[in-house]
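Reading through the structure tokens given below for one structure.
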């Protein structure tokens with residue numbers, strides 16, 4: 003009889019462990035995609051740690067999640083500061099003992115051609131958009147490896163496989179992120195750690211810009227700004243933009259799928275662009291497409 007009771011207790015506690023809510027850490031959660039992902043997951047029972055440079059900027063997210071307070075927590079994090087990255091990850095681990103999902107969402111943008119960016123501007127974009135996810139991934143991977151499971155979701159962009167001329171350095175950061183993510187997806191498989199890219203096009207949300215436009219050249223000496231403007235590449239809001247809530251659906255799918263895709267394009271049009279891009283071994287189709295747009 004005693005053995006049966008012990009067995010039942012073990013089964014009970016095992017079932018509790020299996021049903022325990024997954025712990026998700028999201029960067030750049032104060033607005034846009036990060037906000038929508040954080041709210042969506044918290045509302046569906048995940049334990050969410052929402053990160054931002056200023057915790058005061060997360061006030062509206064906390065208010066929106068008042069009906070499920072045990073599912074939403076905020077942490078201060080600057081993805082360019084290794085000390086703050088380590089502190090944020092340690093905070094989650096000390097409270098929860100694990101991190102099941104990392105969503106690398108924090109990012110900044112700047113408009114302009116390659117020629118019109120200072121080296122300092124380019125370095126800043128890479129520090130946030132590429133080295134930021136790298137710092138976070140390196141910080142959480144030892145814990146994911148120890149628990150033999152984990153998901154890393156990289157919020158990329160269609161510019162990661164189809165660079166737009168008007169956001170050249172931003173596109174370069176996403177190309178770099180996609181490259182390293184592909185190597186991660188292969189090397190982390192033995193520990194059941196899965197990596198996915200979310201590749202949206204324009205999203206109707208307030209972007210975090212380092213600056214409105216590159217500062218190296220004056221308007222008079224910039225041969226591209228007028229071309230970009232005429233081609234509609236500098237428009238603040240695209241008529242085909244998706245909402246951040248729509249992108250959050252794909253993030254949740256990447257988290258919950260038994261065998262998640264490596265790449266998630268968020269519209270049929272972007273899927274078609276990816277298809278054309280990936281079968282063009284010459285690499286000339288994208289060059290010609292933008293040549294036709296800029297110089298009709």
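Numbering (this note's numbering), first residue to last: 3 to 298. The beta carbon of each residue, even a glycine, is placed where N, CA and C say it ideally should be.
| Query | Result |
| --- | --- |
| Rounded to whole angstroms, what's the CA-CA distance from residue 155 to residue 284? Just pull it up for me. | 30 Å |
| What's the call for residue 122, buried or exposed, on a 16-neighbour Cβ count within 10 Å? | exposed |
| Report buried or exposed for residue 2, applying the criterion of at least 16 other Cβ atoms within 10 angstroms of its Cβ. | Outside the displayed range of the chain (3 to 298) lies residue 2, so it cannot be described from this structure. |
| Can you have a look at residue 223 and say buried or exposed, based on whether 16 or more other CB atoms are within 10 angstroms of its CB? | exposed |
| Count the other CB atoms, across all protein chains shown, that sit within 10 Å of the CB of residue 231; report buried if there are 16 or more and exposed otherwise. | exposed |
| Three Cβ pairs or more, each shorter than 8 Å: is that satisfied between the segment 134-147 and the segment 168-176? | no |
| Once the 5 residues before and after residue 268 are set aside, which same chain residues still bring their CB inside 8 Å of it? | 200, 201, 202, 203, 244, 248, 249, 252 |
| Rounded to the nearest angstrom, how far is the Cβ of residue 51 from that of residue 75, given a contact under 8 Å? | 5 Å |
| Over what stretch of residues does the alpha helix (DSSP H) that includes residue 230 continue unbroken? | 227-232 |
| Do residue 233 and residue 295 have their beta-carbon atoms positioned less than 8 Å apart in this structure? | yes |
| Count the other CB atoms within 10 Å of the CB of residue 180; is the residue buried (16 or more) or exposed (fewer)? | buried |
| Going by Cα to Cα distance, which pick from 206, 264, 130, 254 is closest to residue 237? | 206 |
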